[in-house]
Amino acid sequence: MPSTGLLRASKPSGGAGMSCLPGSPYNLAMLIKKPSDIRSSEITPKSLYLRRREFIQVSGAGLVAAGFAACSDEAGAQGGGLPKLANVKKGSPLSTSEAPNSYEHITSYNNFYEFASGAGDGPKQNSKNFKPGNWKIKVDGEVAKPADYLLEDFIKPYTLEERIYRHRCVEAWSLVIPWVGIPLKDIVDHVQPTSRAKFVKFTTLVDPTRFPMQRTDLLSWPYVEGLRLDEARHPLTILAVGLYGEVLPAQNGAPIRLVVPWKYGFKGIKSIVRMEFVEKQPLNTWQQQAPNEYGFYANVNPMVDHPRWSQAREKRLPSLFATTKTQMFNGYADQVASLYTGMDLKKNF
Amino acid sequence: MKRISAIKLVVFAAALIPAAALVYGFYKLYYGIDLNALTANPGDYITDQTGTWTLAFLIISLCVTPLRRLTKWNEVIRLRRMLGLFAFFYGTLHMLTWVVFNHFFDWNAMLKDVGERPFITVGMATWVILLALAVTSNQYSIRKLKRKWQSLHRLAYAAGIGGVIHFWWLVKADTTEPRRWAAGLGLLLGMRVWWAARKRQFFIKGGKPSPAVR
C-alpha cells in the first residue's frame with residue numbers, strides 16, 4: 068500500500084488560500100486524496116462549511132474572484148450558458164452520490180476523434196462552430212416500427228432524467244458526470260425489435276465539413292458502436308441529450324449520445340444519427356482499429372489490463388494520482404454482473 | 148563575458164521555461180486561481196509535457212554537431228553538454244511522473260509495467276542511457292574514459308531512437324506527432340551516416356579528414 072502521509076497532510080486546513088470550499092470537486096484535497104478514501108463521516112457538515120464559506124468571503128481578499136466562483140458547490144449553478152432542458156426528473160436512485168466534476172472539466176477534457184485526436188481540449192476547440200441543426204435519427208433494421216425522426220420528435224414521448232454516473236475512460240482516468248437523458252429501454256420498447264434483433268448498432272453522423280478529422284483516415288468513419296439487446300435494455304443505459312441540465316455541448320456528443328456507465332467511455336458513441344437493430348454483433352470502430360486492445364464488450368474490469376497499461380487503478384480527475392481503485396463494472400456490478408454470467412471476461416474484453 | 152558564455156546563459160534560462168511553466172501552472176491550480184491551468188487531467192498533462200521536452204532536448208542536442216559542421220561555428224559545441232543534461236533533466240521528471248502519479252510508488256506494479264509493456268521497457272531503457280550519459284558528462288570522465296567516452300556518448304543516438312519508439316508505441320491511433328519526431332531524428336542521424344561514409348571514402352583516397360568531423 069502506498070503511504071498516505073502526503074495525502075493526509077493535504078486535508079483542507081480552512082485557510083482560504085489553501086483550498087476551495089469543502090465539497091467542491093475542485094479543492095486541493097481532491098487533487099491529492101483518493102475519493103474512495105472519503106467516508107461519509109469525514110464529509111464536512113453543511114453548517115460547518117457554510118461557516119467556512121463566510122470565513123472565505125470575509126477573508127476573500129487573497130482569493131481570486133474567479134477561483135471562488137468556480138468553487139461553487141451547487142451542481143445547479145454550473146453550466147455553459149447553453150439552452151436549459153425543461154422537465155428533467157431528478158434524484159434517480161441510479162445516480163451516484165459522488166460529487167460531479169465541474170462543467171469546465173467535463174467539457175474541456177475528453178476524446179472525440181471526429182474533432183481531434185487524443186484526450187484534451189481539442190474537441191472543445193475544434194467544435195466551436197458545430198451546430199446540430201435539424202438533427203435526424205433513423206431507426207431501422209429488425210424493428211416493427213422503422214422510422215426517420217427529427218430529434219425533437221424522437222425524444223418527445225419520453226421523460227428526461229438526470230443520471231449522475233461515473234465515467235471511466237479506457238485511458239485510466241475517470242470523471243463523475245451529471246447527464247440528462249432517456250433510458251434507452253424506453254426507446255427500444257417503443258420501436259419494438261423483432262425476434263431476430265440481437266444487437267443494436269449505433270452510427271455517428273458523417274459530415275467532414277462539421278467533423279474536421281473525418282477528412283483524414285485517422286479512424287474508419289463513420290464511428291460505429293454496438294450493444295447487445297439486453298445491455299441496451301438495461302435501466303442504467305441512457306441516450307443522453309444533456310449535461311448539467313443544459314443541452315449537450317458539441318464536444319460531448321451533441322445532440323444525442325449513448326451513455327453506458329459500466330463500460331469504457333469509447334462505447335458511448337456520440338452524435339448518433341442511426342440506430343439499427345441487427346442479428347449479428349456489430350464491429351465497433353475501436354475494435355476494428357486495434358482488435359488486440361479494444362473489444363466489443365469493453366466492460367470496465369480492473370483485472371483485465373489494456374495491453375499497454377494497467378486498468379487496476381484510475382485517476383479520478385482532477386486528481387494528479389492514479390490512486391483510485393478501479394471497480395468491477397465501474398462500480399455497477401450489482402446491477403449488471405448478471406448480464407455476463409458464465410462469460411469469460413478475459414476473452415470477451 | 149565571452150559571446151559563447153552569454154549564449155550559454157540565455158539557452159540555460161530558455162531551457163528552464165517549460166519547467167517554470169509547469170510550476171506556475173501548478174501554483175495556479177493549487178491556489179485555485181485557475182483550475183484548468185494544467186487541464187482537467189494535470190497528471191497526464193505534466194507527463195506529456197515533460198516527455199515532449201525530453202525528446203525536444205534530445206533532438207536539439209543532436210543538432211549541435213551538424214550545425215557546427217554546416218556553419219563552421221565551432222564554439223556551438225560548448226552548448227552540447229548542457230542541452231544533453233536538460234534532456235536528462237526533463238527525462239527524469241517524466242520518469243518520476245510515472246513513479247508518483249501513475250503508480251504512487253507501487254514498486255511491484257512498476258516492475259510489471261517495465262517487464263510487460265514494451266513502450267515502458269523502451270522508455271525506461273532510454274532513461275537509463277540518459278542517466279549513464281549524464282553521470283559521465285563531466286571533464287573527469289572525459290579524461291578517464293578517453294576514447295571510450297566518445298563511443299559511450301554515441302548512445303545519445305540510441306536514446307533519440309528509444310524516445311521516438313517510446314512515443315510511437317504509446318499513441319492510440321494518431322501517429323502524426325511521433326512521425327514528425329522520427330523524421331527529424333532520421334534527418335539528423337542520416338547526415339551523420341552520410342558524413343561518415345564520405346569520410347571513409349576520403350581516407351581510402353588518402354586525404355586528411357576535416358577537423359570538424361566528430
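First to last, the protein sequences are chains A and B.
Sequential numbering from 68 applies to the first sequence in this note's numbering.
Sequential numbering from 148 applies to the second sequence in this note's numbering.
Beta carbons: idealized from backbone N, C-alpha and C, even for Gly.
DSSP bridge partner residues for residue i (one or two, in chain order)
i	result
M418/A	Past the edges of chain A, shown from 68 to 416, lies residue 418/A, and the structure says nothing about it.
P215/A	In the sequence on display, residue 215/A carries Asp and not Pro. In the DSSP output, where bridge partners are listed per residue, D215/A has K205/A.
L294/A	V267/A
R380/A	K392/A
W240/A	K382/A
Y232/A	I244/A
G309/A	V247/A, V314/A
L325/A	L306/A
F179/A	A183/A
Of the residues the options, the one placed nearest residue i, counting alpha carbons only
i	options	result
F236/B	Y287/B, L163/B, R227/B, W316/B	L163/B
G231/B	F251/B, G307/B, P165/B	G307/B
V273/A	S287/A, G248/A, G158/A	S287/A
K212/A	N193/A, V371/A, V255/A	V255/A
A330/B	L182/B, A320/B, W342/B, W315/B	W315/B
T228/B	V211/B, H241/B, N221/B	It should be pointed out that residue 228/B corresponds to Arg in this sequence rather than to Thr. Measuring from the Cα of R228/B, the nearest candidate turns out to be V211/B.
L315/A	F388/A, F333/A, V247/A, T226/A	V247/A
L217/B	L278/B, L335/B, I154/B	L335/B
L169/B	L277/B, L240/B, G337/B	L240/B
T352/A	A317/A, M342/A, F333/A	F333/A
V258/A	V206/A, P279/A, E238/A, K157/A	V206/A
N201/A	D220/A, A214/A, F363/A, G189/A	D220/A
K414/A	F197/A, D372/A, E171/A, S377/A	D372/A
R263/A	R277/A, R282/A, S241/A, R295/A	R295/A
R300/A	E171/A, G320/A, K156/A, P260/A	P260/A
E165/A	R324/A, F416/A, R233/A	R233/A
K198/A	E171/A, L149/A, S184/A, K265/A	L149/A
V158/B	D181/B, V223/B, K219/B, N183/B	V223/B
Contact under 7 angstroms by Cβ, residue i with residue j
i	j	result
L218/A	P322/A	yes
L185/B	G198/B	no
R235/A	V367/A	yes
N188/B	L384/A	yes
T390/A	A379/A	no
N178/A	A186/A	yes
I244/A	I339/A	no
A320/B	L350/A	no
E313/A	G146/A	yes
P275/A	L303/A	no
E228/A	K156/A	yes
I193/B	T244/B	yes
D253/A	Y225/A	yes
F248/B	G337/B	no
T201/B	A234/B	yes
Span separating the alpha-carbon of residue i from that of residue j
i	j	result
K149/B	T273/B	35 angstroms
F349/B	S298/B	22 angstroms
Y216/A	V267/A	17 angstroms
T163/A	Q356/A	33 angstroms
L161/A	K330/A	15 angstroms
G123/B	V269/B	Any property of residue 123/B remains undetermined from this structure, which presents chain B solely from 148 to 361.
K223/A	V246/B	51 angstroms
A404/A	Q348/A	20 angstroms
T271/A	M410/A	29 angstroms
I305/A	L302/B	54 angstroms
I351/B	L214/B	26 angstroms
A343/B	Y304/B	14 angstroms
Q318/A	P190/A	5 angstroms
G335/A	E292/A	8 angstroms
S241/A	S386/A	10 angstroms
I249/A	N255/B	44 angstroms
A365/A	L277/B	38 angstroms
L205/B	D401/A	50 angstroms
F251/B	R294/B	41 angstroms
G398/A	A203/B	41 angstroms
P238/A	L317/B	The residue you asked about is not Pro; residue 238/A is Glu in the sequence shown. Those two C-alpha atoms are separated by around 11 angstroms.
S377/A	Y180/A	23 angstroms
K155/B	A161/B	10 angstroms
Check your understanding: Listed from N- to C-terminal order along the chain, which residues in the stretch 257 to 274 of chain B have their beta-carbon within a distance smaller than 9 angstroms of any beta-carbon of chain A?
Key -> Taking 9 angstroms as the cut-off between beta carbons, the residues of the stretch 257 to 274 of chain B near chain A are K259, D260, E263, R264, P265, F266, I267, in sequence order.
Check your understanding: Between the stretch 169 to 185 of chain B and chain A, which residues of the former have CB atoms less than 8 angstroms from a CB of the latter, in chain order?
Key -> L176, Y177, Y178, G179, I180, D181, L182, N183
Check your understanding: Closer than 9 angstroms, Cβ to any Cβ of chain B: which residues of the stretch 240 to 268 of chain A, in chain order?
Key -> W240, L242
Review point. If contact means a Cβ-Cβ distance below 8 angstroms, which residues of the stretch 182 to 214 of chain A contact chain B?
Key: Listed by position, the residues of the stretch 182 to 214 of chain A near chain B (Cβ gap below 8 angstroms) are S184, G185, A186, G187, D188.
**Study point:** Positions along the stretch 380 to 402 of chain A whose CB lies within less than 9 angstroms of some CB in chain B
**Key:** R380, K382, L384, P385, S386, L387, F388, A389, T390
Check your understanding: Using a Cβ cut-off of 7 angstroms, which residues of the stretch 271 to 286 of chain A contact any Cβ in chain B, in chain order?
Key -> L285, L286
Exercise for review: Please name the residues in the stretch 307 to 321 of chain B whose beta-carbon is closer than 9 angstroms to at least one beta-carbon of chain A, in chain order.
Suggested key: W316, L317, V318, K319, A320, D321
Practice item. Taking only beta carbons into account, state which residues of the stretch 152 to 167 of chain A come closer than 7 angstroms to chain B, listed in chain order. Key: none
Point to revise | Contacting positions in the stretch 154 to 170 of chain B - beta carbon closer than 9 angstroms to chain A | key: The stretch 154 to 170 of chain B vs chain A, Cβ under 9 angstroms: nothing.
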